[in-house]
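Residues 1 to 293, numbered by full-length UniProt numbering, are exactly what the sequence shown covers, in order. Beta carbons are placed, not taken as given, at the ideal position from N, Cα and C, and that holds for glycine.
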Amino acid sequence: MTTLNNDWFTEVFQDQGTAFSLQVKQKLHEEQTPFQKLEIYETETFGNLMVLDGCVMLTTRDNFLYHEMMTHPALFTHKNPKKVVIVGGGDCGTLKEVLKHPVVEEAWQVEIDERVTRLSEEYFPELCESNDDPRANFFFGDGVQWMREVDPGSIDVLIIDSTDPVGPAEGLFALDFYRDAMLALGEGGIIVQQSESPLLHTNTIIKDMHDDMRKAGFDHVQTLPFPQPVYPTGWWSCTMASKDNPVRYFREDDANNRPFVTRYYNSGIHHGALAMPQFMIDALEDETRPIEG
Numbered sequence: 001m002t003t004l005n006n007d008w009f010t011e012v013f014q015d016q017g018t019a020f021s022l023q024v025k026q027k028l029h030e031e032q033t034p035f036q037k038l039e040i041y042e043t044e045t046f047g048n049l050m051v052l053d054g055c056v057m058l059t060t061r062d063n064f065l066y067h068e069m070m071t072h073p074a075l076f077t078h079k080n081p082k083k084v085v086i087v088g089g090g091d092c093g094t095l096k097e098v099l100k101h102p103v104v105e106e107a108w109q110v111e112i113d114e115r116v117t118r119l120s121e122e123y124f125p126e127l128c129e130s131n132d133d134p135r136a137n138f139f140f141g142d143g144v145q146w147m148r149e150v151d152p153g154s155i156d157v158l159i160i161d162s163t164d165p166v167g168p169a170e171g172l173f174a175l176d177f178y179r180d181a182m183l184a185l186g187e188g189g190i191i192v193q194q195s196e197s198p199l200l201h202t203n204t205i206i207k208d209m210h211d212d213m214r215k216a217g218f219d220h221v222q223t224l225p226f227p228q229p230v231y232p233t234g235w236w237s238c239t240m241a242s243k244d245n246p247v248r249y250f251r252e253d254d255a256n257n258r259p260f261v262t263r264y265y266n267s268g269i270h271h272g273a274l275a276m277p278q279f280m281i282d283a284l285e286d287e288t289r290p291i292e293g
């Protein structure tokens, strides 16, 4: 539920008894796309704000936290990530971070709602500055169907940069999708998916994700928490899994000597994100529980 009173945009999380607000200067755009209601505001202190179906998606000020953590840990964990696929990610911020890696030869953004990308080009141009990179490819359509049809073993890193697991994104949090991803990834392949708030969702969405990824054949699964002020609780996460190798080890020398600028990510942040709070360890790391296919 959202409200706009006295120049404040407020997203209310009714079932959690909490809310988040940003003071706005004006509404810049509103439309109903074929998939969702899309709004863009100019805020007083967080730059532009994108809202989908009443939920905050990103702001100019803090999106780098999310986009850097959705990309660099996975790409520095894979030994040689040449082909990267992003499912979702319509604002293009994740694509921009992926293409900072010189080793990437081909990147695909598979987004169901083209309007998200077109309006990001207008209102978040700094996120779209790599859209003309010759390595960038765009497909606007159903990511679940696209994953079923992709060539087996053809992807090195798969990034699921989706909205919450409802509506258009619901199928991206399903066991069948992880099984398709398992087939699509090559040797040493890695999947990383946004996995909501550790404080609110460890025992539900995150735990189910761990279980389903393991059922699909991903033997190595790790959730990485990170700050995200505009999302529920201000604390978010991504979950990374590999079909072959442990994901707690990464190319630390390459991360330290990365030939590009980051604002949040570095090797120390990467190490820190691998250290989960005890309540998450208790909920997620019981490797002895039976996994049924």
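With a Cβ-Cβ cutoff of 7 Å, do residue i and residue j count as a contact?
{"i": "E42", "j": "L28", "result": "yes"}
{"i": "V84", "j": "G143", "result": "no"}
{"i": "W146", "j": "L199", "result": "no"}
{"i": "K243", "j": "M280", "result": "no"}
{"i": "D132", "j": "F35", "result": "no"}
{"i": "L99", "j": "S130", "result": "yes"}
{"i": "D161", "j": "M70", "result": "yes"}
{"i": "M240", "j": "A74", "result": "yes"}
{"i": "A184", "j": "I155", "result": "yes"}
{"i": "S267", "j": "N256", "result": "yes"}
{"i": "D212", "j": "Y178", "result": "yes"}
{"i": "F250", "j": "T77", "result": "yes"}
{"i": "D176", "j": "F124", "result": "no"}
{"i": "G153", "j": "G186", "result": "yes"}
{"i": "V247", "j": "H220", "result": "yes"}
For the candidate residues the options, whose alpha-carbon lies nearest to that of residue i?
{"i": "L65", "options": "D282, S267 and T262", "result": "T262"}
{"i": "D208", "options": "T60, D161, L22 and A283", "result": "A283"}
{"i": "residue 294", "options": "C92, V116, I190 and H201", "result": "For the chain, the structure presents residues 1 to 293; residue 294 sits outside this window and is missing."}
{"i": "K25", "options": "L49, G54 and L95", "result": "L49"}
{"i": "T202", "options": "Q222, G89 and F218", "result": "Q222"}
{"i": "G47", "options": "D53, N63 and G54", "result": "N63"}
{"i": "G93", "options": "Y123, L127, E122 and V104", "result": "L127"}
{"i": "A136", "options": "G189, L175, P229 and K96", "result": "K96"}
{"i": "F13", "options": "V230, G272, C238 and Q278", "result": "V230"}
{"i": "F138", "options": "A174, G89, E149 and D219", "result": "G89"}
{"i": "Q193", "options": "H72, W8, F140 and R61", "result": "H72"}
Can you give the Cα-Cα distance for residue i and residue j, rounded to whole angstroms?
{"i": "S197", "j": "K215", "result": "23 Å"}
{"i": "E39", "j": "T204", "result": "29 Å"}
{"i": "P225", "j": "I269", "result": "10 Å"}
{"i": "R118", "j": "T59", "result": "16 Å"}
{"i": "K79", "j": "H210", "result": "23 Å"}
{"i": "N245", "j": "Q23", "result": "45 Å"}
{"i": "D15", "j": "P232", "result": "12 Å"}
{"i": "W101", "j": "P259", "result": "The amino acid occupying residue 101 in the given sequence is His; Trp does not appear at that position. Roughly 8 Å separates the two Cα atoms."}
{"i": "V51", "j": "M57", "result": "5 Å"}
{"i": "G293", "j": "N6", "result": "Residue placement at G293 is flagged as unreliable, the pLDDT there being 39, under the threshold of 50; the coordinate-derived value follows with that caveat. The straight-line gap from Cα to Cα measures roughly 52 Å."}
Would you please verify whether the beta carbon of residue i is less than 7 Å from any beta carbon of chain D?
{"i": "R258", "result": "In the structure shown, chain D cannot be found, because there is only a single protein chain."}
Exercise. Does the region 63 to 83 come close enough to the region 101 to 113 to have 3 or more Cβ pairs within less than 8 Å?
Worked result: The answer is yes - the region 101 to 113 touches the region 63 to 83, with three or more Cβ pairs under 8 Å.
Problem set entry | Secondary structure, alpha helix (DSSP H): runs of 4+ residues fully inside the region 94 to 145 | 114 to 123
For this session: Could I get the ranges of all uninterrupted beta strand (DSSP E) runs contained in the region 172 to 235, with 3 residues as the minimum, in chain order?
Result: Counting whole runs of 3 or more residues, the region 172 to 235 contains the beta strand (DSSP E) stretches 185 to 194 and 220 to 227.
Problem set entry | In chain order, each beta strand (DSSP E) run of at least 3 residues that lies wholly inside the region 57 to 96 | 83 to 88
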